[in-house]
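Okay, structure first, notes after.
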Amino acid sequence: MDVSTILLLCSTLLSTLINSIAVDTIRPHQTIRDGETITSARGEFQLGFFSPGRSTNRYLGIWYKKISNGTVVWVANRDTPILNASGQVQVNDKGITLQTDDGMIWSTNTSISLKNPVAQLLDSGNLVVRDEDHMINNAENIIWQSFDYPGDHFLPGMKIGVNLVTGLNIYYTSWKSVDDPSTGVFSGGIDPTGFPQFFRSKGSAKWARTGPWNGRQFSGFASSSPKGMFTEKFVFNDKEIYFKFDSIYRTFADLRFTLTPNGDIKHLVWNYENKIWMVFYTQMVSGCDLYALCGAYGICNINSSPRCGCLTGFVPRFPEKWKVADWSSGCIRKTKLDCAIKAGFMKYSRVKLPDTRNSWYDMKINLEECKRLCLKNCNCTAYANADIRSGGSGCILWFNDLSDMVGYTDDGQDIYVKIPESEFVDIRRSRATRHLRIILIVLVLLLVVVVLALIRLFVLSKRKPKGEGNLKFSLEGVALNKIQSEDWELPVVDFKRIVKATDSFSQDNKLGEGGFGPVYKGMFNDGQEIAVKRLSKNSEQGLDEFINEVSCIAKLQHRNLVTLLGCCTEKGERILIYEYLPNKSLDQFIFDSKLRIIHRDLKASNILLDHEMNPKISDFGMARCFKGSQTEANTSRIVGTYGYMSPEYAIDGQFSVKSDVYSFGVLLIEIVSGKKNRLFSHPDHNLNLLGHAWKSYNEDKLLGVIDEVILESSNQKEVFRVIQIGLLCVQEDPIDRPVMSQVVLMLSSNMKLAHPEKPGFFMERRFQDTDPLLRNTKFPSVNDLTLSSVLPRQ
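Heads up: the sequence shown runs through residues -22 to -1, 1 to 772, numbered per mature numbering (1 follows the signal peptide of the UniProt record, and there is no 0).
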């Protein structure tokens, strides 16, 4: 074999080797053909040719490689598909070119020429063109990047906004369909005219709007960042306006936003265990989300009927259209506003600010100065703070019609709308009339109630002698009437039937006893097993707790709640009848009810398992329901069980959605350790179980926390992860604790966990020899100590 043949063979082998190795860079001497790829340094993303869905067209794109092979996040030639496999990618001094046998298909077409150009795929999913002689981490050396020309995906580290120096407008657009990546009808980006705000458009028409950035999030739209996943950033200066988010742990490839072909924005998180993308939430456009649904000077409230109304001092422009739910024409002033008419301001709280295009703003002016400026200018229609942090700062003034206002949003802010002072006279007169009407109605109702009460007392006095029994009968009648009036379809069970089912509340049938009273096992004549919860005569829980428990369970109708079969309020008794379930430990449960429920007494003995090992939550006598955006409340009466109560609740009476998270964390650590938090003891220290777990976590000695049975049958790393999640749930500061949806995500995925802070009630305590309860390590599973009331020292 001659030298030329050997050289030719070596060259061929070297070329094949270069194209087959998973390199992340394309240089001028290389060609990437259909069927060949490059891969980012850590293998997160891959670039090559693909065909979407059922299509046979070929496109140059970037997709996930390591965790979700095939999920495309960017397409180069989305509007110029290749009809065969002749596509090839090269790099020259102007950047990247995509060619076929028929000619040029797509190119970066930069205006800057590079001496040593390279195209590199980064682990963020960004394809960049730079000079190889310069460091990659210097953004000024990047002359082109795919992040500046996104498709339907918004990835960590990517900016959405406008470069005010170059004029580059970065926005994302949907695909036409799952089979066609060409530019769809929906797009999303920041509009910089006036005070910057985020718009979603359908074609050339504005479709939805989040409102301007108020220092925390976009006005009227809650921050989309779950604690512990990513951070949000909004930059607004003379050079650029943009919004971006970054992964806290820099695991770029495990979360993404995408704009679907039908215009929905989805936040997806990768589930490492099930190897699927989980939809964390979907932002759909409907109802009050539709842009300018109520027209000029209209305000939309999703909880109202009709949902559109006019601002105070305004009336529908075309009342006939409003009667048929056509609100697009908006509202007009009752009294024309000009410089000759004295004006004031009507305050609207918790609203999404109206469209800020063509508004005026100054970030250095306070609210009082903002108000004075609006009063001086005859054409000013409203004013508001530009930044709501630290009491508010900055000023926005509106000089045009107020459009796309939404009221009573969870994350809205205050706005002050200018109206003539004469309108305030009408408002005061209207309020006075309304108050008088309410007073008259209340007086009439009180009179009716008193008359009915007297009639009822007269009837009862004829039936039964006066005395304590009569009072009890009246209270139980109130309870029964309350339950029946709520239309919960809850059967009322005859007391004699309950007595027979439980063998006259036999001690042999007693299952246990809690703060409410004893619980008995029973069986109806048809063979149905029941658990009978009978209010103890000595219990501090009364009529309110009885009705509250019935209310919570009846309203929720949740698969993980114990089934309430009926109740009884005869003969001074307050009895609840449930399906019978063996009392065992908690396995797993998820709340997905529309109501926010704060249980306030979540513990092992209140989690039951049915015959198929499905968990059922019981004992809702102390529970509280939150509606809408309410997340916390105070109480002067603290209830619950020692060892499971969060510190802010036990000490200050503050309960919230984070209170049960604390109790759940205690349960997790108790399950893994096989020990109870409050009764735990250790020869080397006097910490409770949470303190022991925290100490072991910091000293990398978690094996000493785990029960031997679990240790023998489980993966150590998985059990360590459960303990860490439990410690995150019991952190002292409720702000640091995750919400339950995040806890579920942590338990069902391999997402990276934050390091927990110090748990609540992390303190040394000393057992007293005279305390038989704390000395008894074989204390039964039912919690006999239920805290009913904590009162301050007089």
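Beta carbons: idealized from backbone N, C-alpha and C, even for Gly.
Throw me the rounded Cβ distance for the residue i and residue j pair, which I believe falls under 8 Å.
| i | j | result |
| --- | --- | --- |
| residue 773 | isoleucine 393 | Because the chain is modelled from -22 through 772, residue 773 falls outside the range shown and cannot be assessed. |
| lysine 312 | phenylalanine 292 | 7 Å |
| tyrosine 675 | leucine 705 | 6 Å |
| leucine 331 | serine 197 | 5 Å |
| valine 329 | glycine 390 | 5 Å |
| phenylalanine 199 | glutamate 210 | With 8 Å as the limit, phenylalanine 199 and glutamate 210 do not qualify as a contact, their Cβ atoms being about 11 Å apart. |
| alanine 318 | proline 398 | Contact flag wrong, Cβ pair sits at about 10 Å. |
| valine 51 | tyrosine 37 | At roughly 12 Å, the Cβ-Cβ gap does not stay under 8 Å, so valine 51 and tyrosine 37 are not in contact. |
| isoleucine 40 | leucine 99 | 7 Å |
| isoleucine 4 | alanine 97 | 4 Å |
| serine 691 | glutamate 251 | Contact flag wrong, Cβ pair sits at about 18 Å. |
| proline 239 | lysine 299 | So it is not a contact: roughly 32 Å between Cβ atoms. |
Express the C-alpha separation of residue j and residue i in angstroms, rounding to a whole number.
| i | j | result |
| --- | --- | --- |
| serine 452 | valine 437 | Legend: pLDDT at serine 452 = 41, less than 50; position of this residue unreliable, no value from coordinates given. |
| glutamate 401 | serine 179 | 37 Å |
| histidine 663 | valine 140 | 59 Å |
| tryptophan 265 | aspartate 388 | The displayed chain sequence assigns glycine, not tryptophan, to residue 265. Using only the alpha carbons, I get a separation of about 16 Å. |
| glutamate 626 | leucine 668 | 16 Å |
| phenylalanine 633 | arginine 335 | 42 Å |
| threonine 547 | lysine 474 | 12 Å |
| phenylalanine 177 | isoleucine 168 | 6 Å |
| leucine 554 | valine 510 | 6 Å |
| isoleucine 254 | lysine 43 | 14 Å |
| glutamine 175 | leucine 421 | 50 Å |
| tyrosine 149 | tryptophan 84 | 20 Å |
| leucine 246 | phenylalanine 235 | 6 Å |
| methionine 623 | proline 190 | 40 Å |
| alanine 274 | serine 719 | 38 Å |
| aspartate 316 | phenylalanine 132 | 46 Å |
| lysine 679 | asparagine 104 | 41 Å |
| phenylalanine 642 | glycine 652 | 15 Å |
| lysine 654 | valine 721 | 21 Å |
| leucine 424 | serine 307 | 44 Å |
| valine 426 | leucine 414 | 18 Å |
| threonine 78 | arginine 11 | 10 Å |
| serine 659 | alanine 671 | 12 Å |
| phenylalanine 125 | leucine 271 | 33 Å |
| proline 95 | histidine 733 | 43 Å |
| proline 716 | leucine 731 | 11 Å |
| phenylalanine 28 | lysine 244 | 23 Å |
| valine 639 | lysine 581 | 11 Å |
| leucine 380 | glutamine 694 | 60 Å |
Quick check on this structure: which residue in the options has the alpha carbon closest to the alpha carbon of residue i?
| i | options | result |
| --- | --- | --- |
| asparagine 147 | Lys396, Phe221, Ser719 | Phe221 |
| methionine 136 | Asp109, Asp169, Asp101 | Asp101 |
| serine 484 | Arg512, Ile433, Ser29 | Arg512 |
| valine 257 | Tyr269, Ala270, Leu237, Ala274 | Leu237 |
| serine 482 | Tyr259, Leu435, Met501 | Met501 |
| isoleucine 60 | Pro30, Val650, Asp71, Gly369 | Pro30 |
| tyrosine 269 | Glu346, Ala183, Asp12, Gly495 | Ala183 |
| aspartate 711 | Gln694, Ser691, Ile688, Gly738 | Gly738 |
| threonine 9 | Val96, Gln68, Gly26 | Gln68 |
| lysine 636 | Asp579, His660, Ile684, Ser583 | Asp579 |
| lysine 301 | Leu542, Arg285, Lys314 | Arg285 |
Using a Cβ-Cβ cut-off of 8 Å (strictly less than) and excluding sequence neighbours within five positions of residue i, which residues of its own chain qualify?
| i | result |
| --- | --- |
| tryptophan 122 | Gly73, Ile74, Thr86, Thr88, Val106, Val107 |
| leucine 375 | Ser337, Trp338, Tyr339, Cys348, Leu351, Cys352, Asn355, Cys358, Ala360, Tyr361 |
| leucine 646 | Val700, Ile701, Ile703, Gly704, Cys707 |
Under 6 Å Cβ to Cβ from residue i, same chain only, skipping five residues before and after it: list those, please.
| i | result |
| --- | --- |
| arginine 367 | Gly193 |
| valine 143 | Lys217 |
| glutamate 507 | Met501, Tyr558 |
| asparagine 561 | Because the pLDDT at asparagine 561 is just 45, under 50, the model does not fix this residue reliably, and the point stays unresolved. |
| serine 33 | Asp157 |
In chain order, what residues of the same chain lie with their CB nearer than 7 Å to the CB of residue i, ignoring the 5 residues before and after it?
| i | result |
| --- | --- |
| aspartate 714 | Glu735 |
| isoleucine 344 | As written in the sequence, residue 344 is asparagine, which differs from the isoleucine given in the question. Closer than 7 Å at the Cβ level, and outside the excluded window around asparagine 344, lie Ser371. |
| threonine 161 | Arg56, Asp57, Thr151 |
| phenylalanine 173 | Pro190, Thr334, Ser337, Tyr339, Ala364, Ile374 |
Which whole runs of the alpha helix (DSSP H) in the stretch 340 to 380 are 4 residues long or more, in chain order?
345 to 354
With a floor of 4 residues, list each alpha helix (DSSP H) that falls wholly inside the stretch 633 to 659, ordered by position along the chain.
635 to 651
Please go through the stretch 710 to 735 and give each complete alpha helix (DSSP H) segment of 4 or more residues, from N-terminal end onward.
718 to 726
Within the stretch 265 to 310, ranges of the beta strand (DSSP E) (whole runs, at least 3 residues)
276 to 278, 286 to 288, 292 to 294
Which ranges would you report for the beta strand (DSSP E) in the stretch 478 to 518 if only whole runs of at least 3 residues count?
488 to 491, 496 to 501, 507 to 512
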